[in-house]
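I have placed the structure first, in the form of structure tokens, so that the comments after it can refer back to it.
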Amino acid sequence: MKKNLLLLMLFFASTVATYSQKSDAEMEAMMNLLGVQKKEAVAKLVAVPEADAVAFWKIYDEYQVENKKTAVERIKLYEKTALSYNDLNTALAESLAMDYFKNRKDQEDTLETYYKKIKKATNATVAFQFYQAEVYILTLVRAQIMQQIPTYGQLIQMNKK
């Protein structure tokens, strides 16, 4: 099962990595597909008791809608970063860093809000599993994307050669 989950997550991450190269309509379709894939992964990572399943998945679907805004902003930020490399200066670097901090804070705030909602509707164990699953998925996706985008320092080193 871990192997299947890992394959699903790698596919999910690679799909996200191509996301920033799409038009708005394509972006929307990709986000919907990713939402389905992510929900399948969460279903494998979170053991929801049958008695809590309806409440959990209702709240999880709400979370997906709320989280979509942050995810779209993060993808746009990756794209903005890549496009900024040619003209990167101190002010732009500071602006990008602050945007990343804000995006990560927004993500954590949303996770905390929905952790509390799930805990209230089910219990702390299910809510904690939700949190762990989301952090696991986010970490995999971010790592996959960052592996495909060189850091500014790497770009400078490549240009020196």
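In the numbering used here, the protein residues as written are -1 to 159.
Note that the Cβ used here is the ideal one computed from N, Cα and C, for glycine as well.
The structure presented is a predicted model; accordingly, all values stated were derived computationally and were not measured.
Helix, strand or coil at residue i according to DSSP, with G and I counted as helix
i      : result
Thr149 : coil
Val44  : coil
Thr160 : Only positions -1 to 159 of the chain appear in this structure, which leaves residue 160 out of reach.
Asn121 : coil
Asn101 : helix
Asn157 : helix
Leu90  : helix
Within 8 Å, strictly: CB atoms of residue i and residue j
i      : j      : result
Ile57  : Ile116 : yes
Val124 : Asp50  : yes
Glu64  : Thr108 : yes
Lys36  : Ile135 : yes
Thr79  : Leu94  : yes
Contact belief for residue i with residue j at Cβ below 8 Å, rounded distance in angstroms
i      : j      : result
Phe54  : Ala119 : 7 Å
Ile147 : Tyr76  : 6 Å
Give a yes or no on contact between the region 124 to 144 and the region 43 to 52, applying the rule of three or more CB pairs nearer than 8 Å.
yes
Would you check if there are 3 or more beta carbon pairs closer than 8 Å linking the region 149 to 158 to the region 53 to 72?
Two segments are said to touch when three or more pairs of C-beta atoms, one from each, lie closer than 8 Å; by this definition the region 149 to 158 does not touch the region 53 to 72.
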